[in-house]
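Here's the structure, in structure tokens; my notes come after.
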Amino acid sequence: MLSTAAIAMSMSADAFAASLSKGAGAHRVRFAEIFRTSLIFGSVETIAPVIGWTIGLAASAAIAAVDHWVAFGLLSIIGIRMFRDGLTRAPHSRPVRRHGLGMTVLTAIGTSLDAMAVGVTLAVVNADIWLPALSIGLATFFMSGIGMVVGRVVGEALGRAAEIVGGLLLISVGTLILARDLQII
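Residue 121 in this note's numbering sits at position 121 of the sequence shown; the count goes up by one each step and never skips.
Have a look at this one:
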């Protein structure tokens with residue numbers, strides 16, 4: 001349960017950061033746009049790990065002997081990328097009055113690629129996908145809405161911090177998987 005919560009919060013960090021950016025750059029944040037953005041981000045983040053899990057199931061037999069290393073590697077790579085992006089991402093430069101549906105969907109897909117990789121990891125370690133996928137989707141739904149509102153007030157700095165923390169959480173989960181399979185813990 002703790003790993004599922006950590007993964008859900010980590011996967012929602014990208015969407016939270018993107019939503020903070022949208023909120024910080026918006027002229028006015030309306031409830032309809034918050035709900036639409038949250039629904040799109042949450043839906044895509046729910047579907048992405050299921051797609052990754054399906055792909056991972058197909059490949060898991062071929063990598064069964066090193067699955068813990070694959071899980072550790074994938075989660076560490078995603079975590080390091082999130083950590084690095086949190087440190088180096090430049091702030092949004094110009095305010096946007098409203099984000100179009102296409103841009104919102106593309107942003108949601110872009111932020112969900114790491115959730116797809118987590119789905120592959122869950123298949124490799126033979127974990128059930130449904131609870132993590134729903135947890136990721138719900139966390140992302142709520143974090144996106146909160147991000148837009150908070151972004152309007154405090155700007156993007158919090159989004160970068162969320163990415164850093166999310167990256168560190170993913171690296172920790174990957175390390176725990178590796179340590180458990182190597183029977184260190």
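Quick reminder that beta carbons are idealized off the backbone N, C-alpha and C, glycines included.
Whole-number beta carbon distance between residue j and residue i, since they are thought to touch under 8 Å
| i | j | result |
| --- | --- | --- |
| residue 18 | residue 140 | Not really, about 10 Å apart at Cβ, beyond 8 Å. |
| residue 169 | residue 68 | Incorrect: roughly 18 Å between the Cβ atoms, too far for contact. |
| residue 40 | residue 105 | 6 Å |
Span of the alpha helix (DSSP H), counted from its first residue to its last, around residue i
| i | result |
| --- | --- |
| residue 182 | Neither: residue 182 is in no alpha helix (DSSP H) and is coded neither H nor E. |
| residue 56 | 31-60 |
| residue 114 | 101-124 |
| residue 80 | 67-88 |
Whether residue i touches residue j by CB criterion (8 Å)
| i | j | result |
| --- | --- | --- |
| residue 46 | residue 136 | yes |
| residue 112 | residue 42 | no |
| residue 124 | residue 52 | no |
| residue 174 | residue 71 | yes |
| residue 147 | residue 23 | yes |
| residue 11 | residue 85 | no |
| residue 103 | residue 163 | no |
| residue 80 | residue 167 | yes |
| residue 34 | residue 132 | no |
| residue 165 | residue 109 | no |
Residue i burial status per 10 Å Cβ neighbour count (16 or more: buried)
| i | result |
| --- | --- |
| residue 31 | exposed |
| residue 160 | buried |
| residue 5 | exposed |
| residue 128 | exposed |
| residue 116 | buried |
| residue 184 | exposed |
| residue 66 | exposed |
| residue 154 | exposed |
| residue 58 | exposed |
| residue 182 | exposed |
| residue 88 | exposed |
DSSP state of residue i mapped onto helix, strand, coil
| i | result |
| --- | --- |
| residue 137 | helix |
| residue 14 | helix |
| residue 171 | helix |
| residue 1 | coil |
| residue 160 | helix |
| residue 28 | coil |
| residue 9 | helix |
| residue 63 | coil |
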